[in-house]
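A.B. asks: Submitted below is the structure of interest, expressed as structure tokens.
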């Protein structure tokens, strides 16, 4: 019988290729508390944190991506793996041709109790050399962004859609994403972070199962299997387009407000 993970991944890929509209719309998403709830636990005699000053309000609700139906007849081979066992599986994975050119697979890193999970596209040259995510120039910028919202990198789980570097840093193709995305789904299922920050179009389209301009997916709080998801630009794009830094800063602070509300 066909693996349910493959069926669901194929379904998402077909939706992306056909540019189908979302199946679940704003009215189905859970209510999001107002910005004032962020400061509810702060002493009244203390100013708000710097990142919260002039932060945009939490925006309208976006689409909902439900968990796939559980298959009662086929066991998911990844379902019982913790992050360490999953990382070992990823390091020896040979499900797509990207394994042929990699130096190291890059599973991801961060604490198991991380309240924020950052998802990017795939490893670059530096990540391929080190086996760690977001350690090149884009990674340095991400570290600065996280520090600015009082979430040190060490407190955040960071990973990518694909775990091996595509040649010449090209965008991963649908078959590569289909082969690799079950690892990402298992990571997020195991972590159950308070918030997911999808950085870049590949991460957003993969997690939401749609193909839209990144701008159309921003300024909303989506729901990925019960976890709030915020979309923003990839740090590598900010290095090429500095004028995107301000909207990214707004998006990141929306995600940070949601993290604060979850505590």
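Residue numbers (our numbering): -19 to 243.
Glycine included, every Cβ here is placed at the ideal spot set by N, Cα and C.
#1: Going along the chain, which residues of its own chain have a beta-carbon closer than 7 Å to the beta-carbon of residue 83, five neighbours each way excluded?
#2: Let's see if you can read the secondary structure: which residues bound the beta strand (DSSP E) around residue 200?
#3: Nearest to residue 201 by alpha carbon, out of 152, 217 and 178?
#4: With respect to the beta strand (DSSP E) encompassing residue 139, which residues constitute its N-terminal and C-terminal limits?
#5: Going along the chain, which residues of its own chain have a beta-carbon closer than 6 Å to the beta-carbon of residue 85, five neighbours each way excluded?
#6: I believe residue 141 touches residue 183 by the beta-carbon criterion, under 8 Å. Please report the beta-carbon distance rounded to the nearest angstrom.
#7: Among 95, 41, 45 and 198, which residue has its Cα nearest to the Cα of residue 224?
#8: So within the region 81 to 148, which uninterrupted beta strand (DSSP E) runs reach at least 3 residues, ignoring any that extend past its ends?
#9: Look at the alpha carbon of residue 130 and the alpha carbon of residue 89, and state the distance between them as a whole number of angstroms.
#10: Mind checking who residue 40 pairs with in its DSSP beta bridge?
#11: Could you tell me whether the region 88 to 102 touches the region 183 to 193, using the rule of 3 or more Cβ pairs below 8 Å?
#12: Per DSSP, which residues does residue 211 bridge with? Please list them.
#13: Decide yes or no for the touch test of the region 233 to 242 against the region 22 to 41: beta carbon pairs closer than 8 Å, at least 3 of them.
#14: Could you spell out where the alpha helix (DSSP H) holding residue 67 opens and where it closes?
#15: In angstroms, rounded to a whole number, what distance separates the CA positions of residue 58 and residue 27?
#16: Tell me whether the beta-carbon of residue 137 lies closer than 8 Å to the beta-carbon of residue 94.
#17: Quick check on this structure: which residue in 206, 87 and 120 has the alpha carbon closest to the alpha carbon of residue 111?
#18: Give the DSSP bridge partners of residue 244, in chain order.
#19: May I ask you to report which of helix, strand or coil DSSP gives residue 243?
#20: For my contact list, residue 126 and residue 133 are in at a C-beta cut-off of 8 Å; report their separation, rounded to the angstrom.
#21: Helix, strand or coil: which one does DSSP assign to residue 195?
#22: For chain B, is any of its Cβ atoms less than 8 Å away from the one on residue 160?
#23: If distances are taken between C-alpha atoms only, which option among 42, 121, 103 and 79 comes closest to residue 220?
C.D. replies: According to the data block:
#1: Sequence-distant partners of residue 83 (beyond 5 residues in either direction) whose C-beta falls short of 7 Å from its own C-beta, in its chain, are 108 and 109.
#2: First-last of the beta strand (DSSP E) with residue 200: 200 to 204.
#3: 178
#4: 137 to 140
#5: 70, 71, 143 and 144
#6: That pair is a contact at about 6 Å.
#7: 198
#8: 96 to 100 and 137 to 140
#9: 19 Å
#10: Answer by DSSP bridge pairing, in chain order: 200.
#11: yes
#12: 178
#13: The region 233 to 242 vs the region 22 to 41: in contact.
#14: 63 to 71
#15: 45 Å
#16: yes
#17: 87
#18: Examination of residue 244 is not possible in this model, given that the chain is present from -19 through 243 alone.
#19: Of the three classes helix, strand and coil, the one that applies to residue 243 here is coil, per DSSP.
#20: 5 Å
#21: helix
#22: The displayed structure is made up of one protein chain only, and chain B is not part of it.
#23: 121
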